[in-house]
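Note sheet for the following structure.
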Amino acid sequence: MAEAFNELTLPAEKAERYATVAEEIASVLDGEPNLTARMATVASMLAASFDTFFWTGFYVVDPQKERELVVGPYQGTLGCLRIAFGRGVCGTAAASGQTQLVPDVHAFPGHIACDGLSASEVVVPVFDSAGQLIAVFDVDSTELAAFDEVDAQWLEKILKATFS
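What the sequence shown shows, in this note's numbering, is residues 312 to 475, in sequence order.
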C-alpha cells in the first residue's frame with residue numbers, strides 16, 4: 312500500500328490533504344499492532360505529505376526514566392535525544408497534555424534548539440487507549456508561523472485514531 316501512497320497526488324488545500332493522508336495512514340496501518348512500526352509510518356507519511364515539515368517525529372515517554380521523553384521514530388535532521396517533561400515545547404506538551412502551537416520557537420520560553428533552522432513548531436501529546444501519555448508528536452518548520460489550528464486539529468485527529 313505504501314507504494315500506492317508514494318504515487319498518490321495529494322490535494323493542495325491543507326484540510327483536504329490531511330483528510331487524504333489520514334485515510335492512507337489508516338489503510339497502511341490496518342492490522343499492524345507494533346507501536347514502533349505505527350510511529351515510523353505516521354512520521355514518514357506525514358513528512359512526505361507537507362513541504363513545510365522540516366522535522367517530523369515522536370518523542371516517547373521513557374519507562375525507565377520518570378517524566379522524561381526519549382527520541383523515537385522520526386524524519387529529519389538529528390533530534391534531541393532526551394527531553395524532560397516541562398522543558399521546551401515537547402516537554403511542555405508532555406507535562407500539560409495539551410497541544411502546543413508555536414509560531415516562533417525563538418519567542419517560546421525555554422525553547423530547546425535541537426536544530427537552529429527550526430522556526431515554528433506544533434507538538435501534540437499522544438495517548439494510548441487507557442488515556443496514558445505514551446509520546447508527543449513533534450513537527451518543526453524552517454518557516455515562521457508555518458502551522459495553524461488546521462494542522463493542530465488534524466494531527467490530533469490522526470494521532471488519536473492511530474494510537475487510542
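All C-beta atoms, glycine included, are put in the ideal place defined by N, C-alpha and C. None of these values were measured; they are calculated from a predicted model.
Inspect the beta-carbon positions of residue i and residue j and report whether they are closer than 9 Å.
i      : j      : result
Met350 : Val382 : no
Glu432 : Val450 : yes
Ile445 : Val434 : no
Arg328 : Phe361 : yes
Leu470 : Val353 : yes
Among the candidates the options, whose CA atom is the shortest distance from the CA of residue i?
i      : options                           : result
Pro414 : Glu460, Leu357, Leu340 and Gly397 : Glu460
Ala406 : Gln443, Phe364, Asp426 and Thr388 : Gln443
Taking 9 Å as the CB-CB cut-off, is residue i touching chain D?
i      : result
Ser429 : As a matter of chain content, chain D is missing from the structure shown, which is built from one protein chain.
Tell me whether residue i is buried or exposed, calling it buried when 16 or more other Cβ atoms sit within 10 Å of its Cβ.
i      : result
Asp341 : exposed
Ala439 : Correcting the residue identity first, residue 439 is Asp in this sequence and not Ala. Burial call: exposed.
Ser355 : buried
Quick check on residue i: does DSSP put it in helix, strand or coil?
i      : result
Gln375 : coil
Ala404 : helix
Ala315 : Note that Ala315 has pLDDT 43, beneath the 50 cutoff, so the model's placement of it is unreliable and no number is given.
Thr367 : strand
*Ranges of the alpha helix (DSSP H) found wholly within the stretch 318 to 360, counting only runs of at least 4*: Taking only runs of at least 4 residues, the alpha helix (DSSP H) segments lying wholly in the stretch 318 to 360 are 325 to 340 and 346 to 360.
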